[in-house]
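**Q**
In the numbering used here, the protein residues as written are 41 to 305.
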């Protein structure tokens with residue numbers, strides 16, 4: 041018995057038992073989970089910040105691109121307008137290029153200085169003048185009359201002549217009536233009233249007669265201009281660089297057109 045006990049004691053080895061406190065394991069698990077949550081929160085905040093920064097960067101980039109596109113478009117449109125103004129001058133009256141050379145006969149500047157000789161002469165003959173309506177510069181006009189056998193009828197009706205004749209007759213009748221009554225040496229009240237009324241009639245007739253006399257002069261000058269050949273005298277430097285419709289169709293931007301003066305209208 042003792043021998044067996046001794047033999048069993050000799051063969052048995054001591055066993056180590058590890059005792060883990062439940063409080064320690066719970067605290068360790070809690071610390072690990074908190075660290076993981078903090079890392080996730082930090083990672084999510086970092087990702088959100090990076091996304092915001094990326095959105096802001098994209099917005100700034102888009103704004104910059106739009107601004108650059110607007111600037112480039114403005115510069116291109118301004119350049120095209122300048123090129124168009126420099127390369128294509130149009131007549132200020134008919135607002136077209138036409139096949140006729142452009143001239144600069146007055147002191148106007150910019151796009152208003154270019155005009156066709158035929159358009160300008162037609163306007164001058166309608167208005168019966170040779171002064172630019174913008175700069176008030178007198179354009180040199182050469183006039184040549186036609187024979188009376190070739191005269192055309194007036195374009196307008198002779199209304200000024202008719203009214204001038206009517207007021208001329210009225211003035212004559214008023215003056216004649218005053219003269220007849222005054223020769224009889226009538227000084228009664230009716231005669232005095234008659235003199236006053238006819239005197240006002242004479243004044244009104246004279247005023248209207250003067251008005252229609254000016255209209256008759258304009259009618260006469262317009263009729264004379266209709267039967268005259270007008271031409272513009274072009275001085276040095278008054279011929280604009282030319283670009284005609286034929287050049288537009290051919291796509292040629294360099295023209296050396298010459299103006300054949302005088303243009304007669």
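No residue lacks a Cβ here, since even glycine has one placed at the ideal position from N, Cα and C.
Find out if the Cβ-Cβ distance for the pair residue 6, residue 165 is shorter than 8 Å.
**A** Examination of residue 6 is not possible in this model, given that the chain is present from 41 through 305 alone.
**Q** Should residue 202 go down as buried or exposed, given a rule of 16 or more other Cβ atoms within 10 Å for buried?
**A** By the neighbour-count rule (16 or more Cβ atoms within 10 Å), residue 202 is not buried but exposed.
**Q** What is the C-beta distance between residue 138 and residue 146, in whole angstroms, given that I count them as a contact (C-beta under 8 Å)?
**A** In fact, because the Cβ distance is near 19 Å, the residues do not count as touching under 8 Å.
**Q** Check whether the Cβ atoms of residue 184 and residue 245 lie closer than 8 Å to each other.
**A** In this structure, residue 245 does not lie closer than 8 Å to residue 184 by Cβ.
**Q** In the DSSP assignment, find the unbroken alpha helix (DSSP H) run with residue 241 in it and report its ends.
**A** Here the alpha helix (DSSP H) through residue 241 covers 229-266.
**Q** CB residue 249 to CB residue 213, shorter than 8 Å?
**A** Contact: no.
**Q** In the DSSP assignment, what residue or residues form a beta bridge with residue 181?
**A** Answer is 272.
**Q** Mind checking which residues open and close the alpha helix (DSSP H) that includes residue 210?
**A** Unbroken alpha helix (DSSP H) run through residue 210: 199-223.
**Q** Take the Cβ of residue 49 as the centre, count every other Cβ of all protein chains shown within 10 Å, and call the residue buried at 16 or more, exposed below.
**A** Per-residue confidence for residue 49 stands at a pLDDT of 48, beneath the threshold of 50, marking its modelled position as unreliable; the derived number appears in the next sentence. Residue 49 is exposed by the Cβ-count criterion.
**Q** Are the region 229-247 and the region 170-186 in contact at 8 Å, needing three or more beta carbon pairs?
**A** Too few Cβ pairs lie closer than 8 Å, so no.
**Q** Quick check on residue 107: does DSSP put it in helix, strand or coil?
**A** Three-state DSSP puts residue 107 in a helix.
**Q** Is it true that the CB of residue 242 sits closer than 8 Å to the CB of residue 215?
**A** Result yes, Cβ atoms of residue 215 and residue 242 sit closer than 8 Å.
**Q** Would you kindly work out how many angstroms separate the C-alpha atoms of residue 109 and residue 115, rounded to a whole number?
**A** The straight-line gap from Cα to Cα measures roughly 10 Å.
**Q** Mind checking whether residue 272 and residue 142 have CB atoms under 8 Å apart?
**A** Cβ distance not < 8 Å, so residue 272 and residue 142 don't count as in contact.
**Q** Where residue 163 and residue 112 are concerned, what is the direct C-alpha to C-alpha distance, given to the nearest angstrom?
**A** The straight-line gap from Cα to Cα measures roughly 43 Å.
**Q** Taking 7 Å as the limit between beta carbons, can you name the residues of its chain near residue 252, skipping five residues before and five after?
**A** Within the same chain, residue 252 has close Cβ partners 200, 203, 204 and 207.
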